[in-house]
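Accompanying notes for the structure given below.
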Amino acid sequence: MNIAALLEKSAIQHGDRPALTIHDQVHASYREFAQRVRAMAFSLRHWLGLETGDRVAIAMSNRPEFYETLFAIWHAGLTAVPINSKLHIKEFEYILSNCQARLCFASPDLMENIALLSYQVEELELVISTDSPEYRALMGTDVIQMIDVPPTAPAWLFYTSGTTGRPKGVILTHRNLLTMTLSYFADIDQIGSGDAIIHAAPMSHGSGLYGLPHIAKAANNVVPNSPHFDPAEIWELVQLHQGVSFFAAPTMIKRLMECPALATSDTTNLKTIIYGGAPMYRADLEQALDLIGPRLVQIYGQGESPMTITALSKQCHADRSHPRHRDILGSVGFPRTDVEVRIVEDGIPLAQGEVGEITVRGDVVMAGYWNNPQATQQVLRDGWLYTGDVGCFDTDGFVTLMDRSKDLIISGGSNIYPREIEEVLLSHPGVMQVSVVGAPHPEWGEEVVALVVPVPGVTVCAEALDALCLDNIARFKRPKRYHFIGTLPMNNYGKVLKTELRKLLNNLEAKAHRNSDS
1 MNIAALLEKS AIQHGDRPAL TIHDQVHASY REFAQRVRAM AFSLRHWLGL ETGDRVAIAM
61 SNRPEFYETL FAIWHAGLTA VPINSKLHIK EFEYILSNCQ ARLCFASPDL MENIALLSYQ
121 VEELELVIST DSPEYRALMG TDVIQMIDVP PTAPAWLFYT SGTTGRPKGV ILTHRNLLTM
181 TLSYFADIDQ IGSGDAIIHA APMSHGSGLY GLPHIAKAAN NVVPNSPHFD PAEIWELVQL
241 HQGVSFFAAP TMIKRLMECP ALATSDTTNL KTIIYGGAPM YRADLEQALD LIGPRLVQIY
301 GQGESPMTIT ALSKQCHADR SHPRHRDILG SVGFPRTDVE VRIVEDGIPL AQGEVGEITV
361 RGDVVMAGYW NNPQATQQVL RDGWLYTGDV GCFDTDGFVT LMDRSKDLII SGGSNIYPRE
421 IEEVLLSHPG VMQVSVVGAP HPEWGEEVVA LVVPVPGVTV CAEALDALCL DNIARFKRPK
481 RYHFIGTLPM NNYGKVLKTE LRKLLNNLEA KAHRNSDS
């Protein structure tokens, strides 16, 4: 089944319903949305000569054209490659080259930089801006029927940073996305054709994925006016639309709860806030429950099993009479309907309460990493996805995360892998060794800190390292602080001991704090 069929069915049943909206201005009804997709798919195949399976990238900030291009790509039997709009130009270049994209759709704010890459990425034949005559010309009068593809065909290449320092393309098939969509109805929420989803988070990632079940039920996809997360606008949109849901990182929820506009906003239309992607502090969660009631659902997943490993339902959030309610709030919920979850050590399942690696299998688990069989074999074993996350089952079957992947830093809901940053810093001739870790931050959860060992006799300044990072990686990934030290703590095999490194960091930061106070 081609996942684009979700739109076709909604257009037939609910053609007059608003499908794509900017703030409160309807961009397209479901009938118009589907017609544009059919016409664009014709142009992709017959004007641009793309063939089944070709990759088409989407480099956009949040906007209705994201879904127009996404569904046209699928309708034409092609593979979509949505890319985080916050990435550095060199990261865009790597992804476009790695997936061998022949075409890239870009939003106007990214067009200038992406257009330059057509000269540097060999396979990239064309870059089209969503505000250009070329884009409008793609939606002519000629249309094609949806191309039939097998359920195992790649639909979405989801690029996620990896511990190897280079992003890996997670292959999400049409079956994966359909399973994820059906699992939403089973475990998260029911959706009516009059409901709406606000895309407060990037559509290239979680918010875009959660738009699929909403499109399947002909709900309205609402894009805020603000190019950045604006809590006051979100509360305004809640009052303008009905049956509102949205996906948010915990830091976003905290800002929403602290926004003065909440005190004067009517939250009657607020249906569901889905949160995940980073730890949610219990105090913040309890504050949110006090302020907006039982409208929260937590999900735990990863790009390799999109949004679907465990969930903590509205009912679990609301049941304060449960004797273990606070413990349950500290968990990541119960295994989802469409997956099996095990806790293992060396591949052997562990008993309840024992801590080990979380593994998952089901039709939502990725097909593998794009053109990376070695990485695929490391995480897909005997049908199970090895998440790299450590946790355990409690007596009621809830999963508690004890730790994350060894190196992963989660800042403001974004995954940041130290290895990627370390490789950039090591390219400086004055840096002999470096290790990057996450330090606690009251608003963002964690922030990136680098501990640097300079080459003996060489002076390295933080400003030079910061400039190096800004030239090579996205701004949000660069270290917020640098500490220059004599040596990194290592074991007998030369491996950096991150636990000891964090202790060292705590001592360094405490000393710096004392010095600033004196």
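Numbering follows the working numbering, in which position 179 of the sequence shown is assigned residue number 179; successive positions increment by one, without gaps. Note that CB positions come from ideal geometry on N, CA and C, so glycine has one too. Source: prediction; values computed, not measured.
Using the three-state DSSP reduction, which class does residue i fall into: helix, strand or coil?
i: residue 163; result: Per-residue confidence for residue 163 stands at a pLDDT of 42, beneath the threshold of 50, marking its modelled position as unreliable; the derived number appears in the next sentence. It is coil, neither helix nor strand.
i: residue 387; result: strand
i: residue 61; result: coil
i: residue 292; result: helix
i: residue 94; result: helix
i: residue 490; result: strand
i: residue 108; result: helix
i: residue 332; result: coil
i: residue 356; result: strand
i: residue 234; result: helix
i: residue 122; result: coil
i: residue 203; result: coil
i: residue 149; result: coil
i: residue 306; result: strand
i: residue 440; result: strand
i: residue 320; result: coil
i: residue 28; result: strand
i: residue 478; result: coil
i: residue 380; result: strand
i: residue 86; result: coil
i: residue 507; result: helix
Opposite residue i in the DSSP bridges: which residues?
i: residue 156; result: 80 and 172
i: residue 409; result: 416
i: residue 140; result: BP columns for residue 140 are empty, so no partner.
i: residue 221; result: 20 and 197
i: residue 392; result: 400
i: residue 349; result: 344
i: residue 246; result: 273
i: residue 362; result: 339
i: residue 71; result: None, per the DSSP bridge assignment.
i: residue 299; result: 311
i: residue 55; result: 79
i: residue 103; result: 56 and 126
i: residue 369; result: 170
i: residue 484; result: 452
i: residue 433; result: 453
i: residue 496; result: 490
So is residue i in contact with chain B if we call contact Cβ pairs under 7 Å?
i: residue 258; result: This model lacks chain B altogether; it includes just one protein chain.
Let me make sure I understand the geometry here. Which of the options has the alpha-carbon closest to that of residue i?
i: residue 48; options: 114, 342, 148 and 137; result: 137
i: residue 388; options: 339, 305, 451 and 436; result: 305
i: residue 371; options: 33, 97, 22 and 91; result: 97
i: residue 174; options: 186, 453, 184 and 156; result: 156
i: residue 118; options: 377, 101, 109 and 355; result: 101
i: residue 256; options: 232, 333 and 277; result: 232
i: residue 12; options: 500, 503, 34 and 90; result: 34
i: residue 179; options: 483, 364, 188 and 447; result: 364
i: residue 295; options: 27, 207, 267 and 328; result: 267
i: residue 454; options: 486, 308, 438 and 285; result: 486
i: residue 198; options: 448, 189, 390 and 240; result: 240
i: residue 479; options: 419, 459 and 432; result: 419
i: residue 158; options: 191, 82 and 87; result: 82
i: residue 392; options: 225, 214, 402 and 384; result: 402
i: residue 16; options: 32, 489 and 9; result: 32
i: residue 181; options: 426, 143, 7 and 515; result: 7
i: residue 336; options: 112, 512, 188 and 27; result: 188
i: residue 441; options: 219, 286 and 278; result: 278
i: residue 282; options: 355, 317 and 330; result: 330
i: residue 353; options: 171, 438, 346 and 400; result: 400
i: residue 124; options: 103, 109 and 130; result: 103
i: residue 422; options: 437, 515 and 253; result: 437
i: residue 18; options: 72, 146, 140 and 194; result: 194
i: residue 562; options: 457, 432, 498 and 490; result: Because the chain here runs from 1 to 518, residue 562 falls outside it and cannot be looked at.
i: residue 30; options: 4, 42 and 300; result: 4
i: residue 109; options: 120, 76 and 131; result: 131
Please check the pair residue i and residue j, which I expect to be a contact at CB under 8 Å, by giving their CB distance rounded to whole angstroms.
i: residue 415; j: residue 160; result: 7 Å
i: residue 274; j: residue 245; result: 7 Å
i: residue 92; j: residue 115; result: Not a contact, Cβ separation roughly 11 Å.
i: residue 338; j: residue 362; result: 5 Å
i: residue 247; j: residue 201; result: 5 Å
i: residue 474; j: residue 428; result: Rounded, the Cβ-Cβ distance is 18 Å, inconsistent with contact.
i: residue 426; j: residue 505; result: So it is not a contact: roughly 19 Å between Cβ atoms.
i: residue 105; j: residue 69; result: 5 Å
Beta carbon of residue i: closer than 6 Å to some heavy atom of the ligand SAH?
i: residue 61; result: You won't find the ligand SAH in this model; it holds no ligand whatsoever.
For this session: Identify every run of the beta strand (DSSP E) within the stretch 445 to 475, keeping only runs that are complete inside it and at least 3 residues long; order them along the chain.
Result: 445 to 454
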